[in-house]
Structure formats: structure tokens, C-alpha cells
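Q:
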Amino acid sequence: MRFVGAGVSHKTAPIEMRERLAKATQPLEAAVKELKKGTTLTEVCVVSTCNRVEIYAAGDAEPSALLRDVRQYLGAATGLSPADLEPHIYEHKGVDGLLHLFKVASSLDSMVLGEPQILGQVKEAYHSATAAGGIGAVLTKIFPRAFLVAKRVRTETGISQNAVSMSFAAVELGKEIFGSLDKKNVLLVGAGKMSTLAARHLRTHGVAEVRVANRSLERAEELAKEIGGHASSLADLELLLVKADIVISSTAAPGFVVTKAMMSKVVKARRYRPILFVDLAVPRDIEPTVADLEGAFVYDVDNLEGVVAENREARAQEATAAEAIIKEELDSFLRWSRQQQLVPVIKALRDKGLSIAEMEADRALASLKDPRAEKAVRAMSQAIVNKMLHPVLSHLKSQGDAHQLAAQVVALFELELASASEEEAADPADPAVVVPIARGSQP
Amino acid sequence: MEAVFLGLAAALYTGSAVIAAVMFARARDESARSVQIVFGVALIPHAIAVIVRAVELGSFPISSVHDGILAFSFGAALLAFAIAAKAKIPQVAPLAAPLLALLTVIASFVEPTQSVAEGLRSGWLMVHIALALLGDVAFALAGVVAILYLVQERRLKQKKLPTRSGTMKATGIHVLPPLDTLDRVSMRLIQFGFPLMTLGLISGSLYGKHVWGSYWTWDPRNTISLLVWVLYAVMIQARFMSGWRGRKAAILTVLGVVAILVAFVGLGLLGVGTHGKDYVS
Chain P
3 MRFVGAGVSH KTAPIEMRER LAKATQPLEA AVKELKKGTT LTEVCVVSTC NRVEIYAAGD
63 AEPSALLRDV RQYLGAATGL SPADLEPHIY EHKGVDGLLH LFKVASSLDS MVLGEPQILG
123 QVKEAYHSAT AAGGIGAVLT KIFPRAFLVA KRVRTETGIS QNAVSMSFAA VELGKEIFGS
183 LDKKNVLLVG AGKMSTLAAR HLRTHGVAEV RVANRSLERA EELAKEIGGH ASSLADLELL
243 LVKADIVISS TAAPGFVVTK AMMSKVVKAR RYRPILFVDL AVPRDIEPTV ADLEGAFVYD
303 VDNLEGVVAE NREARAQEAT AAEAIIKEEL DSFLRWSRQQ QLVPVIKALR DKGLSIAEME
363 ADRALASLKD PRAEKAVRAM SQAIVNKMLH PVLSHLKSQG DAHQLAAQVV ALFELELASA
423 SEEEAADPAD PAVVVPIARG SQP
Chain E
12 MEAVFLGLAA ALYTGSAVIA AVMFARARDE SARSVQIVFG VALIPHAIAV IVRAVELGSF
72 PISSVHDGIL AFSFGAALLA FAIAAKAKIP QVAPLAAPLL ALLTVIASFV EPTQSVAEGL
132 RSGWLMVHIA LALLGDVAFA LAGVVAILYL VQERRLKQKK LPTRSGTMKA TGIHVLPPLD
192 TLDRVSMRLI QFGFPLMTLG LISGSLYGKH VWGSYWTWDP RNTISLLVWV LYAVMIQARF
252 MSGWRGRKAA ILTVLGVVAI LVAFVGLGLL GVGTHGKDYV S
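Just so you know, the protein sequences line up as chains P and E, in that order.
Each step along the first sequence adds one to the number in our numbering, with nothing skipped, and position 69 is 71.
Each step along the second sequence adds one to the number in our numbering, with nothing skipped, and position 127 is 138.
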């Protein structure tokens with residue numbers, strides 16, 4: 003089994019392309035099923051956020067074949083030609099893919115280092131993939147490990163301490179325009195998770211009022227209650243925009259929620275007081291040309307990167323510590339997975355030894371014909387085998403990279419492994435090979 | 012004596028302007044403080060120069076081009092320093108510094124002639140000049156703040172915020188003051204300067220009647236002043252009526268200030284019109 007990961011992120015693709023991909027991969031379950039249908043991919047997990055769309059997959063084919071299928075899917079789903087799409091796609095094989103996934107889950111690859119949302123998003127991707135039948139022997143070991151790594155990074159480094167990501171950016175931008183945020187009115191358009199976070203953050207900076215406008219009034223009321231604001235219907239949006247100073251938008255709407263036509267009326271009614279839009283939605287909620295209007299400032303997730311650059315710098319040091327943890331965990335995972343590969347060898351060796359012991363004991367007992375001796379003889383024969391094999395087994399277990407040794411053991415003891423391998427001999431030097439599978443792989 | 016102190020002040024303003032330029036080039040705001048300190052220190056010889064001149068004349072020095080520039084630059088420096096400290100717009104000092112350096116140098120080169128002809132002296136003249144001068148100082152600073160507004164607005168629209176290294180540390184020092192503050196302070200300075208300018212025009216008119224027998228002459232200075240007065244009157248009105256503000260208001264503010272500078276320095280130096288020839292006579 004080989005493991006690969008490929009996708010686009012805020013580092014490689016413009017927001018328009020990410021919007022397209024994010025749309026194309028929704029719902030995640032359908033995307034997972036689509037990816038598996040008629041391809042070399044036997045296991046698939048799709049991670050889709052406003053900053054990245056990534057596909058992690060495993061299959062028996064060559065990594066390049068797996069990646070080709072992923073690329074083909076992305077092209078078909080977005081309707082983009084390979085020439086347009088492929089320069090933006092990054093691809094990772096085997097261990098590199100693992101490393102990338104660990105970094106993503108730990109928020110080291112995020113637009114805002116240490117932002118807390120990404121882990122939840124990766125978990126969600128994993129659950130969706132499980133529901134769609136995309137998770138098998140490989141991914142079921144890799145993803146939970148990634149969650150563990152992310153948790154360690156969060157608790158053992160300071161990377162997430164001031165990680166409030168986009169909400170941090172919203173507050174900083176608010177200060178650039180308004181100075182102090184008290185007496186300012188905040189409008190949340192859409193009741194998503196990101197806007198909740200942002201609203202909480204703004205609340206702590208003393209904004210006067212938080213109003214939540216959502217398509218479902220019920221959900222708006224829920225959120226308003228949670229953060230101490232007021233709920234409104236999205237139908238009153240134009241009126242709400244007249245009163246708001248900071249607008250944070252994160253709806254799942256496919257088109258623009260706030261258009262230039264709407265805003266050109268609103269800015270007049272607001273007497274051209276400045277208004278800040280923080281558009282966290284992908285696809286975007288605020289028509290970009292709204293920024294051409296007097297007093298209207300529009301920032302989408304891509305623009306926010308500049309704002310949070312400073313933040314990132316401050317956390318770069320913590321990132322180094324986090325990288326060290328990831329490296330450590332990756333090594334231990336690889337060691338563990340290689341040992342897993344030795345399990346069949348160890349089992350075969352012990353089984354063979356014990357069956358010889360059994361056989362020899364039977365033979366000895368047959369000639370002895372003394373039932374009282376049976377227990378002692380069997381125990382003795384087993385003990386000899388165990389003691390004999392003990393140094394060999396512990397040597398095997400302690401080896402980080404035991405392929406050669408395992409091969410020698412197999413040859414020396416003339417072992418036959420439980421299930422004849424369905425897999426090529428794994429070369430540990432090949433980074434494309436991930437070996438976290440206990441199924442009898444022949445060294 | 013006066014020339015020595017004025018020269019010292021000019022040197023210090025130039026110094027703080029240079030520090031400001033270096034600071035701007037390197038995008039470091041630790042030196043914003045040193046700009047302000049050097050600027051503040053420059054106020055001392057500047058004030059002494061004004062006092063020395065006042066003692067020499069036996070009255071407040073505002074009735075010749077030299078004295079006018081001296082008083083204007085001192086008033087502007089004082090107000091700039093106050094805005095930097097009080098309204099927390101420290102960037103006003105580095106921006107005003109090159110302008111003040113220029114004005115003080117000009118003042119040093121313009122001979123302090125015994126100003127107004129005997130027959131033209133009157134209490135009205137002093138009132139007129141003092142009011143117009145104060146109004147001009149307020150407008151000049153409004154222009155400086157409006158420039159800052161335009162820069163900040165541009166940064167926000169271009170989404171290059173809050174910029175590169177070291178500008179937005181934990182202390183929360185941003186490169187420029189908040190947009191809203193700049194808009195408010197600029198407008199407030201205009202609202203402060205406007206009645207002064209109005210009274211300046213009225214007193215000038217009364218003085219004109221007193222001396223020449225006519226309330227108004229269309230000399231270039233009067234004309235420009237009237238235009239600027241109308242411009243600012245419309246702006247203040249538009250702000251109250253329809254909340255007119257922002258970029259266009261800032262651009263007009265700057266234009267008004269440029270016009271005043273032309274009227275004040277340029278025409279004054281050339282000696283055209285009633286202001287010119289009688290001023291330097």
C-alpha cells in the first residue's frame with residue numbers, strides 16, 4: 003500500500019481557484035466516493051477549508067499512478083485544464099505526505115500559524131471519509147496519529163496561545179480604521195464557526211453591539227444568545243449594514259451576499275462613515291468591487307494574510323519547536339509502522355519454534371508413555387524454544403529498520419509467512435512507501 | 012541674536028526631518044520618539060527667536076513678511092507638537108518638520124524690514140493679521156493630517172496592512188493613526204480655523220475701509236483667501252448636511268492649504284497686491 007497527498011492551499015493557489023475547488027469537493031462524502039470510483043485509489047480522505055483543498059489517498063498502485071488519478075479528479079471536478087490547474091497543485095508521496103498531513107493538522111501550514119480551527123476541519127474530513135467508506139487499513143492509522151501530533155503541538159508549544167487567527171486580523175484592521183473599538187457595532191453575516199470566534203474576540207475588545215444575521219433565524223438566535231448579541235433576519239441586511247461598523251461574513255452562499263449595488267445605496271445612508279468588511283467565506287460573500295466605494299474596506303481571507311504576517315513572525319520560534327515535535331512523532335510513527343511490518347515475521351518465527359517444540363514433545367511423550375511427565379516435558383520444550391528465540395525476537399523488535407535482518411531471519415529459519423504477500427518487497431529507502439500495515443508483507 | 016536662534020531652530024527642524032525620512036525608509040517606529048524629541052527641542056530656540064524679535068520691535072512680530080513667517084512657523088510648530096502629543100498622531104511632527112525647516116530658512120533670508128508704513132498702522136491691522144495667521148496655522152495642520160489620511164486610506168484600500176517588520180508589535184503601535192481619527196482631527200482643525208479665517212477676512216475688510224476707504228480689493232491674496240474660505244465653507248456645510256467626508260474631503264483640504272501657502276509665502280515674497288506692497292513697504 004502506498005500513501006499520497008495532493009492539493010492546493012493559500013500558498014500555491016489564488017482564492018478564485020480555491021473557491022472553485024472548495025465548491026467542487028462539497029459534500030465531502032460525495033467527493034470521497036467519486037474519487038474511489040474506478041480509480042487506483044482504495045482509501046481517500048478529502049480535507050476542504052477556505053484555505054486549502056487536499057486529498058489524501060492510499061492504494062496498491064505506484065504513487066505516481068495514485069497522484070495521476072487525484073489530478074484527474076481535480077481537473078474533472080473543476081473543469082480546469084491541466085495547464086491551468088497543475089502548476090498550483092503540490093504532491094507528496096509516502097513519508098513526505100505524512101509529514102505534510104502532520105503539519106497541516108498541527109496548523110503549521112496554516113495562513114495563521116497555530117490557528118485552532120484546522121484540526122477540527124481535518125477531523126471533520128476524516129469522519130466524512132469514514133462515513134463514505136474511504137478509510138481503510140492505511141488511513142485509519144495515519145489520521146488518528148495526525149490528531150495526536152496536533153494535540154501534542156498545541157499543548158507543548160506556545161504556538162496556539164495567541165492563535166485567534168482571522169479574528170485577530172479583524173480586530174487589528176478595526177483598530178487601523180476606528181482606533182478604539184468600543185461604541186462600534188459588529189454585524190455577523192452567517193452564523194458559522196469562524197464568525198463565532200471572531201465575534202468573541204471582538205467582544206473582548208469592547209465592541210458595543212454584536213448583531214447576527216443568518217438565513218435561519220433560529221440559528222442566528224442561538225448564536226446571538228451564546229455571544230451576548232442580537233439576532234436579525236438576513237432579509238434586513240441592507241438596514242443592518244447602515245448601522246454596522248465592522249461586518250464579518252462567513253455564509254455558505256454560492257453567490258455574493260453583499261453586492262456593490264446594495265452597498266452604493268448603503269454608503270450614502272451611512273453618510274460615508276467607514277465600514278470594514280472581513281470576508282471569511284469561500285466562495286466570497288462580499289463583492290470585491292464594494293471596495294471601490296468611499297469608506298468601504300473589504301478584506302477577504304487572502305488579503306488577511308498580509309495583516310497577520312506580523313503575528314506569524316512572532317510565532318516562528320514556536321513553530322520551530324512544533325516542527326521538532328512533528329519530526330519526533332514522524333520518526334516514532336515510522337519506527338512503529340516498520341515494527342508492525344515485522345509482526346508477521348516474529349509471529350511466524352514463534353509459531354514455527356513452538357510447533358517444533360510441540361512436535362518434539364509429542365514424540366518424546368510417545369516413547370515415554372508416562373502421563374505424569376507430559377506437563378513437564380511440554381513446558382521444557384516450550385521453554386527451550388522461547389529462550390533460544392528470545393535474543394532473536396528482541397533484536398528484531400528493537401531494530402528501527404529491520405528489513406534486512408527480517409529477511410535474513412526468514413531465510414535462516416526457512417519461515418513461511420502467514421499470508422503470501424500481495425505486495426512488493428518494501429524498500430525502506432523509497433519515501434513513497436508507507437508501511438503501517440500489519441498484513442503480511444514480505445520483507 | 013534672533014538670527015542665531017532662528018538658525019538653530021531651522022537646523023533642529025531639518026534634523027528631525029532627516030530622522031523622519033530615515034525612519035520612513037527603514038519603516039522603524041522606535042525613532043518616531045526621537046523625531047518628536049528633536050522637534051520639541053527645536054521649539055525652544057524658535058520661541059526665543061520670536062521673543063527676541065518681539066522685544067526688538069516692542070510688539071508681537073507679525074507685520075512684515077519676515078515676522079509673519081516667523082510667527083506663522085512658530086504657531087504651526089506649537090500646534091503640530093500639540094497634535095502629535097494630544098491627539099496621538101505622532102506622524103504630524105515628522106511631516107511638519109521639513110515644512111518648518113523650509114519656513115524658518117526662508118524667514119532667515121528675508122530681511123526683517125521695519126514693516127508697515129506709519130499711515131497704515133492701526134489696531135485693526137494687528138487683529139486682522141493675528142486672526143488670519145491663526146486660521147492659516149490651523150488649516151496648514153489640517154492639510155498635514157489630511158495627507159496622512161490619504162496615505163492611510165491608500166494603505167487600507169491596497170490591503171498592505173499593517174506592513175512589514177516590526178511595525179505592529181505587542182505594544183500595538185501601528186504605522187499610522189486610525190483612519191477615523193485622522194478624518195476627525197483634520198475636520199476639527201478646519202472647523203477651528205474657519206471662524207478665525209472668517210473674522211480675519213472681516214477685520215481685514217474693516218481695516219481696508221479704514222485705510223483705503225473700500226471694504227474689498229481684488230488683490231491676489233484676497234482672491235485666493237476668499238476662494239479657500241468658500242471651499243472650506245462648502246466642505247463644512249457638506250459634512251453637516253450629508254456627512255460628506257473621506258478621500259475627496261482630504262484632497263480638497265490639501266488643495267486649500269496649498270492655495271494658502273501660495274498666497275501667504277509666494278505672493279508675500281513677490282510683493283504683489285495690497286498685501287504685498289504695503290506689507291514690505
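C-beta atoms are modelled at their ideal positions from N, C-alpha and C, and glycine is treated no differently.
(1) Put Lys153/P into one of helix, strand or coil per three-state DSSP.
(2) Which whole-angstrom value describes the C-beta separation of Leu43/P and Ala59/P, a residue pair presumed to lie in contact below a C-beta threshold of 8 Å?
(3) Would you kindly check if the distance between the Cβ of Val260/P and the Cβ of Glu289/P is under 8 Å?
(4) Closer than 7 Å: is that where the CB of Phe258/P sits relative to any heavy atom of the ligand PLP?
(5) Only counting runs of 3 or more residues, tell me where the beta strand (DSSP E) segments fall wholly within the region 190-217 of chain P, in order along the chain.
(6) Is the region 114-123 of chain E touching the region 210-218 of chain E in the sense that three or more CB pairs, one from each, lie closer than 8 Å?
(7) Measure from the C-beta of Lys168/E to each C-beta in chain C and report whether the shortest distance is under 8 Å.
(8) Please return the same chain residues whose Cβ sits closer than 7 Å to the Cβ of Ala21/E, not counting the five positions on each side in sequence.
(9) Over the uninterrupted beta strand (DSSP E) stretch that includes Ile80/E, give me the two end residues.
(10) From this set, Gly77/P, Ala134/P, Leu100/P and Lys39/P, which residue's C-alpha is nearest His90/P's C-alpha?
(11) Going along the region 190-203 of chain E in order, which residues come within less than 7 Å of chain P, judged by CB to CB distance?
(12) Under 7 Å between beta-carbons, which chain P residues line up against Arg256/E? List them in chain order, please.
(13) Can you list the residues of chain P that Ser253/E reaches, using a CB-CB cut of under 7 Å?
(14) I'd like to know whether the C-beta atoms of Leu121/P and Ser109/P end up nearer to each other than 8 Å.
(15) Classify Thr206/P as buried or exposed, calling it buried when 16 or more other Cβ atoms lie within 10 Å of its own Cβ.
(16) Below 8 Å between beta carbons is the criterion; list the residues of the region 288-302 of chain P that meet it against any residue of chain E, in chain order.
(17) Give a yes or no on whether the C-beta atoms belonging to Val273/E and Ile235/E are separated by under 8 Å.
(18) For Ser214/E, report the span of its alpha helix (DSSP H) as first-last.
(19) If you draw a straight line from the C-alpha of Gln163/E to the C-alpha of Cys52/P, how long is it?
(20) If you drop the 5 nearest sequence neighbours on each side, which residues of the same chain put their C-beta closer than 6 Å to that of His94/P?
(21) Check whether the Cβ of Gly208/P lies closer than 8 Å to any Cβ atom in chain E.
(22) By Cβ distance, which residues of its chain are closer than 7 Å to Asn164/P, with the 5 residues on each side in sequence left out?
(23) Given Pro256/P, which residues of its chain have a CB within under 8 Å of its CB, disregarding the five upstream and five downstream residues?
(24) With 16 as the cutoff for other CB atoms within 10 Å, does Gln169/E come out buried or exposed?
(25) Assign Leu241/P to one of two classes, buried (16 or more other C-beta atoms within 10 Å of its C-beta) or exposed (fewer than that).
(26) State the DSSP-derived secondary structure class of Tyr226/E, mapped to helix, strand or coil.
(27) Indicate whether Glu292/P and Lys245/P have their beta-carbon atoms separated by less than 8 Å.
(28) For a cutoff of 8 Å on Cβ pairs, would you count Phe180/P as touching chain E?
(29) May I ask you to list, following chain order, the residues of the region 205-230 of chain P that have a beta carbon less than 8 Å from some beta carbon of chain E?
(30) Where Thr178/E and Leu187/E are concerned, what is the direct C-alpha to C-alpha distance, given to the nearest angstrom?
(31) Where Ile242/E and Ala153/E are concerned, what is the direct C-alpha to C-alpha distance, given to the nearest angstrom?
(32) May I ask which residues mark the beginning and end of the alpha helix (DSSP H) holding Ile229/P?
(33) Are the C-beta of Lys185/P and some C-beta of chain E separated by less than 8 Å?
(34) Do Leu183/P and Leu204/P come within 8 Å of each other at the CB atom, strictly closer than that value?
(35) With a cut-off of 8 Å on the beta carbons, I'd call Phe16/E and Val63/E a contact; round off their distance for me.
(36) Examine the Cβ distances between the region 242-261 of chain E and the region 293-302 of chain P and report whether three or more of them are shorter than 8 Å.
A: Taking the coordinates as given:
(1) Sequence index remark: in the first sequence, residue 153/P carries index 151 (1-based). Secondary structure of Lys153/P (DSSP, three-state): helix.
(2) Position 41 of the first sequence, counted from the first residue, corresponds to residue 43/P. Position 57 of the first sequence, counted from the first residue, corresponds to residue 59/P. The C-beta distance from Leu43/P to Ala59/P rounds to 4 Å, short enough to meet the 8 Å contact threshold.
(3) What you label residue 289/P is simply residue 287 of the first sequence in a count that begins at 1. What you label residue 260/P is simply residue 258 of the first sequence in a count that begins at 1. Their beta carbons are under 8 Å apart, which means Glu289/P touches Val260/P by this criterion.
(4) Inclusion of the ligand PLP in the displayed structure is not the case, the ligand content being empty and no account of it being possible.
(5) The qualifying runs are 211-216.
(6) No, the region 210-218 of chain E is not in contact with the region 114-123 of chain E.
(7) The chain inventory of the structure shown lacks chain C, comprising the protein chains P and E.
(8) Within the second sequence, residue 21/E is the residue found at index 10, counting from 1. Setting aside the 5 residues that flank it on each side, Ala21/E is surrounded in the same chain by Ala112, Thr115, Val116 and Ser119, each with a C-beta closer than 7 Å to its C-beta; the list follows chain order.
(9) The residue given as residue 80/E occupies position 69 in the second sequence. Run containing Ile80/E: none in the beta strand (DSSP E); it sits in the alpha helix (DSSP H), Val76 to Lys97.
(10) Residue 90/P sits at position 88 when you count from the first residue of the first sequence. The closest CA to that of His90/P, considering only Gly77/P, Ala134/P, Leu100/P and Lys39/P, is found on Gly77/P.
(11) Per Cβ criterion, the list reads Leu190, Asp191 and Thr192.
(12) Start at 1 with the first residue of the second sequence, and residue 256/E comes out as number 245. The answer, in chain order, is Tyr274.
(13) Mapped onto the second sequence, residue 253/E falls at position 242. Under a criterion of Cβ atoms nearer than 7 Å, the residues of chain P adjacent to Ser253/E are, in order, Arg273.
(14) The count along the first sequence starts at 1 and reaches residue 121/P at position 119. The count along the first sequence starts at 1 and reaches residue 109/P at position 107. Yes. Within cutoff.
(15) By one-based count along the first sequence, residue 206/P stands at place 204. Result: exposed.
(16) For the region 288-302 of chain P, the residues whose beta carbon sits under 8 Å from a beta carbon of chain E are, in order, Ala293, Glu296, Gly297, Phe299 and Tyr301.
(17) In the second sequence, counting from the first residue as 1, residue 273/E sits at position 262. In the second sequence, counting from the first residue as 1, residue 235/E sits at position 224. Ile235/E is positioned such that its CB atom lies closer than 8 Å to that of Val273/E.
(18) For the purposes of this step, residue 214/E is identified with residue 203 of the second sequence, where counting begins at 1. For Ser214/E, the enclosing alpha helix (DSSP H) covers residues Leu190 to Trp223.
(19) Here residue 163/E refers to the residue found at position 152 of the second sequence. Here residue 52/P refers to the residue found at position 50 of the first sequence. Taking C-alpha positions only, Gln163/E is separated from Cys52/P by approximately 29 Å.
(20) Stepping through the first sequence from its first residue, residue 94/P is reached at position 92. Sequence-distant partners of His94/P (beyond 5 residues in either direction) whose C-beta falls short of 6 Å from its own C-beta, in its chain, are Gly7 and His102.
(21) As a working mapping, residue 208/P is identified with position 206 in the first sequence. Gly208/P does not count as touching chain E.
(22) Within the first sequence, numbered from 1, the residue matching residue 164/P stands at position 162. In this prediction, Asn164/P scores a pLDDT of 42, lower than 50, which makes its location untrustworthy; the coordinate-derived value is nonetheless stated afterwards. Counting only Cβ-Cβ distances below 7 Å, and skipping sequence neighbours, we find nothing.
(23) Counting from 1 along the first sequence, the entry for residue 256/P is found at position 254. Answer for Pro256/P: Lys25 and Pro285, listed in chain order.
(24) In the second sequence, counting from the first residue as 1, residue 169/E sits at position 158. Around the CB of Gln169/E, fewer than 16 other CB atoms lie within 10 Å, so the residue is classed as exposed.
(25) Taking the first residue of the first sequence as position 1, residue 241/P is located at position 239. Exposed is the call here.
(26) For the purposes of this step, residue 226/E is identified with residue 215 of the second sequence, where counting begins at 1. DSSP places Tyr226/E in the coil class of the three-state scheme, outside both helix and strand.
(27) In the first sequence, residue 292/P corresponds to position 290, counting from 1. In the first sequence, residue 245/P corresponds to position 243, counting from 1. Residue 292/P is actually Val in this sequence, not Glu. The criterion of a C-beta distance shorter than 8 Å is not satisfied by Val292/P and Lys245/P.
(28) As a working note, residue 180/P is residue 178 in the first sequence. Yes, Phe180/P lies at the interface with chain E (some Cβ there is under 8 Å from its Cβ).
(29) Going along the region 205-230 of chain P in chain order, one finds no residue with a Cβ nearer than 8 Å to chain E.
(30) Taking the second sequence and counting its residues from 1, the one referred to as residue 178/E is at position 167. Taking the second sequence and counting its residues from 1, the one referred to as residue 187/E is at position 176. Residue placement at Thr178/E cannot be trusted, given a pLDDT of 37 that sits under 50; the coordinates are not used to answer.
(31) Within the second sequence, numbered from 1, the residue matching residue 242/E stands at position 231. Within the second sequence, numbered from 1, the residue matching residue 153/E stands at position 142. Per the sequence shown, residue 242/E should be read as Leu rather than Ile. CA-to-CA, the gap between Leu242/E and Ala153/E works out to about 14 Å.
(32) Here residue 229/P is taken as the residue at index 227 of the first sequence, counted from 1. Following the DSSP letters along the chain, one finds Ile229/P inside the alpha helix (DSSP H) bounded by residues Leu219 to Ile229.
(33) The count along the first sequence starts at 1 and reaches residue 185/P at position 183. Closer than 8 Å: no.
(34) Here residue 204/P corresponds to residue number 202 of the first sequence, with the count starting at 1. Here residue 183/P corresponds to residue number 181 of the first sequence, with the count starting at 1. Their beta carbons are under 8 Å apart, which means Leu204/P touches Leu183/P by this criterion.
(35) By one-based count along the second sequence, residue 16/E stands at place 5. By one-based count along the second sequence, residue 63/E stands at place 52. About 7 Å; that satisfies the 8 Å criterion.
(36) In short, these stretches touch, since the Cβ pair count reaches three.
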